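For the sequence shown, the working numbering assigns the number 4 to the initial residue and increments by one for each residue that follows.
All residues carry an ideal CB built from backbone N, CA and C; glycine is no exception.
Quantities reported herein were computed from a predicted structural model and do not represent experimental measurements.
So the structure is just underneath, and the comments pick up after that.
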Amino acid sequence: MDLFKKAKQRIFRGYFRLGAHIHVRHWRGHGIHSPFMYGIVRNVFMKSKITGPDTRLYDELRRERIGRKHAVKIQNLYAHCRMESHTLVPGLGSQTRAGRNLCILMPDASAETIVEKVRESAGKDDCLILLAPHRNARRWRMAQQIRTHYPCVSVDRRVMMIYFFNPKLQPQHYRI
């Protein structure tokens, strides 16, 4: 039984690695025709250091035990998109929403909380990040349903799903 479970996990991991290699061309922006998304790839995903002077979000993410590399990407996304507030769910974070909000759903966020925050963000010009979308099958299905039920630009980074609920952008999905 244990041998069967290990083989199943190995096949599942191999499936996602194959997907990563197929979509590697998007890493540097090749094949991305949206100027908005191209700017994010070049100015957020390709940077390994924090680009702006503000590091409050980075510090909060590190306190919540998010890895340095991913915290840098999220901080750079926050600065690049000129977000005005952020929310870490569950956990710390500025709970006062002023203008455009970056909502980060931590890996331990419940399904009900995820649904509530998606509904909150969907009607506004907000950005939502779902960390660890591949943690289990239920969470992965929920990440896919958000993309299909709400008009948004979605980005699958394997460790996080990013949703831009901007009504001016054409709904698309990217695997980067």
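Only counting the same chain, and skipping five residues up and downstream in sequence, which positions put a Cβ closer than 6 Å to that of residue i?
i	result
residue 170	none
residue 102	87
residue 135	110
Taking the alpha carbon of residue i as the point to measure from, which residue in the options has its own alpha carbon closest?
i	options	result
residue 147	90, 176, 93	176
residue 140	50, 179, 16	16
residue 56	79, 104, 5, 106	79
residue 51	76, 136, 9, 5	76
residue 122	5, 69, 168	168
residue 143	128, 43, 159	159
residue 163	69, 12, 118, 39	69
residue 153	126, 134, 161	126
Thinking residue i and residue j are a contact (beta carbons under 8 Å), I'd like their distance in whole angstroms, please.
i	j	result
residue 84	residue 130	6 Å
residue 81	residue 73	No, residue 81 and residue 73 are not in contact; Cβ-Cβ is about 13 Å, not under 8 Å.
residue 138	residue 110	6 Å
residue 116	residue 93	7 Å
residue 179	residue 132	Not confirmed; about 14 Å, so no contact.
residue 86	residue 114	That pair is no contact at about 25 Å.
For residue i, which residues from the same chain have a beta carbon less than 8 Å from its beta carbon, with the 5 sequence-adjacent residues on both sides left out?
i	result
residue 173	37, 156
residue 106	89, 90, 92, 120, 123, 124, 129, 130, 131, 132
residue 54	46, 79, 82, 83
residue 65	71, 74
With respect to 8 Å, is the separation between the Cβ of residue i and the closest non-hydrogen atom of the ligand SAM below this value?
i	result
residue 115	The ligand SAM is not part of the structure shown, which contains no ligands of any sort.
Output needed for residue i: all residues of its chain with C-beta closer than 7 Å, excluding positions within five of it in sequence on either side, in chain order.
i	result
residue 60	77, 78, 81, 89
Per DSSP, what are the beta-bridge partners of residue i in this structure?
i	result
residue 89	105
residue 133	108, 164
residue 124	In DSSP, residue 124 forms no bridge with anything.
residue 62	In DSSP, residue 62 forms no bridge with anything.
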